[in-house]
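Peer 1:
Protein chains in written order, with the numbering used here: chain R, 4 to 163; chain P, 4 to 163.
1) Taking 8 Å as the threshold, find out whether the region 71-79 of chain P comes into contact with the region 89-98 of chain P through three or more Cβ pairs.
2) Which residues in chain P sit within 8 Å of residue 99/R, going by Cβ to Cβ distance?
3) Report buried or exposed for residue 162/P, applying the criterion of at least 16 other Cβ atoms within 10 angstroms of its Cβ.
4) Per DSSP, residue 24/R forms a beta bridge with which residues?
5) So, using beta-carbon positions, are residue 80/P and residue 42/P closer together than 8 Å?
6) Taking any Cβ of chain R, which residues in the region 56-69 of chain P have a Cβ under 8 Å from it, in chain order?
7) Do you know how far the Cα of residue 105/P is from the Cα of residue 111/R?
8) I want to see whether chain P comes within less than 8 Å of residue 148/R, judged by CB atoms only; does it?
9) Following the continuous alpha helix (DSSP H) through residue 11/P, name the residue where it begins and the one where it ends.
10) Run through chain P and tell me which residues come within less than 9 Å of residue 125/R, C-beta to C-beta.
11) Would residue 20/R pass as an interface residue toward chain P - the criterion being a Cβ-Cβ separation below 8 Å?
12) Under the rule that 16 or more other beta-carbon atoms within 10 Å means buried, what is residue 159/R, buried or exposed?
13) Using the three-state DSSP reduction, which class does residue 89/R fall into: helix, strand or coil?
14) Taking CB distances under 8 Å as the criterion, tell me whether residue 73/P reaches chain R.
15) Measure from the C-beta of residue 30/P to each C-beta in chain R and report whether the shortest distance is under 8 Å.
16) With 8 Å as the C-beta to C-beta threshold (strictly closer), list the residues of the region 77-89 of chain R near chain P in chain order.
17) How long is the line joining the alpha carbons of residue 23/P and residue 56/R, rounded to whole angstroms?
18) Which class does residue 130/P belong to by DSSP, given the choice of helix, strand or coil?
19) Find out if the Cβ-Cβ distance for the pair residue 60/R, residue 85/R is shorter than 8 Å.
20) Is residue 148/P close to the ligand ATP? I mean its beta-carbon at under 7 Å from any heavy atom of the ligand.
21) Please name the residues in the region 36-53 of chain R whose beta-carbon is closer than 9 Å to at least one beta-carbon of chain P, in chain order.
22) Output the distance between the C-alpha atoms of residue 82/R and residue 29/P, rounded to the nearest integer angstrom.
23) Looking at the strands, I want to know which residues DSSP matches up with residue 39/P.
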């Protein structure tokens, strides 16, 4: 798959799976709403600070982020780490009207935080083969890009 | 969620995500077609012996299996391990007409094998809360059950 084809997979996804290791050393997966991307290598996800995956990722930041479209038999597993942001700048950027139902105290709710997934490499799968995405390819593809809310580019269905 | 509600989530899923650790110690996720279940605790998945996840799971069998329905905001992460089966009994059970396109040498193709996921516990998530699924609950729910092809119970859409 080309980087443009991989970007199209990411762009049309509403959700991604985060793979991480919990305090008991167990592999875990959690589906998260993931539409803010800076190219292929960086992704922002709003979440509850108190949730189990955030608590685990505070201790052990290495993780993977998996975008998939089972209908098209396409998958992309990005390897990297999660950085947690509590700065207002990030929290304002991702805030949507109605988010008070998740974070009653609003943007400054301490239970509201932003996870940034930072990829250093990846691996993709499609019906016609698989391959590696290197750090060089990621850096080259993402050069000059900024974070964008890609919600309008998704197909609106939570297939991923 | 009750065990019956969790079983309904598993039953209507066509795919599940396997979370595992690769040889480089990286978290990985791979979506797999997963419709053979023995209750909540055991699941059979056919796959290529040569694939990266099988090669990793041969070395380190601990894994998670994640069923999710993003539309319903439901998710179940099962914790446990993968046992690999190369016995004809399992390979015959899961063989479908047309599988020659994945395994050209047929049922006895050495590149065809069956992964059995064996759960020892789990954790579920729904819009209305989350909770733990204990080994006792799993054993009690699964008692007396046998493996069944649940394909007809899925909704046919690859949402999971």
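Beta carbons are placed, not taken as given, at the ideal position from N, Cα and C, and that holds for glycine.
Peer 2: Inspection of the coordinates gives the following:
1) no
2) Those within 8 Å of residue 99/R in chain P number zero; the least Cβ separation is about 16 Å.
3) Unreliable positioning characterises residue 162/P in this predicted model, as indicated by a pLDDT of 48, which lies under 50. The coordinate reading is nonetheless provided below. The residue in question, residue 162/P, is buried, as its Cβ has 16 or more Cβ neighbours within 10 Å.
4) 30/R
5) Between residue 80/P and residue 42/P, the gap from beta carbon to beta carbon reaches 8 Å or more.
6) 65, 66, 67, 69
7) 52 Å
8) Output row for residue 148/R: interface = no.
9) For residue 11/P, the uninterrupted alpha helix (DSSP H) run begins and ends at 6-15, by DSSP.
10) By Cβ distance, chain P contributes nothing, its closest Cβ being about 11 Å from residue 125/R, past 9 Å.
11) At least one CB atom of chain P sits nearer than 8 Å to the CB of residue 20/R.
12) exposed
13) coil
14) yes
15) yes
16) 78, 80, 82
17) When rounded, the distance between both Cα atoms is 16 Å.
18) coil
19) yes
20) Because no ligand of any kind appears in the structure shown, any question about the ligand ATP cannot be addressed here.
21) 36
22) 7 Å
23) 47/P, 152/P
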